[in-house]
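The next block holds one structure in the form of structure tokens; read it before the comments.
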Amino acid sequence: SSGINAEYGAGTMEDPGGAGPVPISLGAPALDPSNNQVGPVCGARKAPDSGLVVPVVMGDKPLDGNKGSPIQVSMLEEEILARGMYWRRQRSREQDVIGTLLKLNSIILDALPETPEELSELERDVTELLTSITRDTDIITDSLHKETKRRGDVGAMFAQQLPPVAVAMVTE
1 SSGINAEYGA GTMEDPGGAG PVPISLGAPA LDPSNNQVGP VCGARKAPDS GLVVPVVMGD
61 KPLDGNKGSP IQVSMLEEEI LARGMYWRRQ RSREQDVIGT LLKLNSIILD ALPETPEELS
121 ELERDVTELL TSITRDTDII TDSLHKETKR RGDVGAMFAQ QLPPVAVAMV TE
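In terms of the numbering used here, the sequence shown has 143 at position 143, counting the first letter as 1, and numbering is strictly consecutive.
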């Protein structure tokens with residue numbers, strides 16, 4: 001049987017893929033014993049009959065028929081879009097840094113300056129590329145800090161306007 005004594009505050013569940021017991025984890029797929037359907041874990045509770053901590057599985061239909069207001073759905077959709085745009089921008093910025101690093105690597109490995117002018121040109125090119133890499137990594141770091149703050153602000157707003165299950169899934 002899945003679960004653990006409730007005094008420990010954690011539990012296990014059977015992996016629906018047959019891998020045996022796995023820790024209860026929000027959003028993980030689990031078998032709902034009430035209907036034998038697989039759904040995402042949306043919480044945990046103490047089973048009154050056994051005293052074990054067992055997963056609460058979100059069924060096909062929201063509890064009490066509540067599908068969420070159009071405003072709540074819109075909030076979640078906007079957050080999903082915002083996160084997708086953030087990660088696309090970050091990936092693009094990271095690819096730019098990688099391209100600049102590869103260019104710097106190539107310049108350094110291919111460099112055999114024979115005159116002071118060639119050495120000066122190599123130093124200028126390397127300095128320019130290092131400056132570009134520093135600037136781009138600063139932009140990536142700044143963007144990460146802004147996104148972290150934005151998510152914290154959004155999480156606080158969600159906590160006031162959405163059910164705890166939705167907040168847990170968005171903020172995890």
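Cβ atoms here follow ideal geometry from the backbone N, Cα and C, with glycine treated the same way.
Cα-Cα separation, Ser92 to Ser132: 15 angstroms
So, is Gly11 buried or exposed, given that buried needs 16 or more other C-beta atoms within 10 angstroms? buried
Over what stretch of residues does the alpha helix (DSSP H) that includes Asp110 continue unbroken? Pro70 to Asp110
Return the bridge partner residues of Arg45 from the DSSP annotation. Val54
What residues are listed by DSSP as bridge partners for Pro40? Pro29
6 angstroms Cβ shell around Met58 - same chain, five flanking residues per side excluded: Gly39, Pro40 and Cys42
Once DSSP output is grouped into helix, strand and coil, what is the label at Glu14? strand
In whole angstroms, what separates the C-alpha of Ala47 from that of Gly18? 22 angstroms
Do you know whose CA, among Glu77, Val97, Thr148 and Gln160, lies nearest Leu130's CA? Val97
Taking its Cβ as the centre, do 16 or more other Cβ atoms sit within 10 Å of Ala156, making it buried, or is it exposed? exposed
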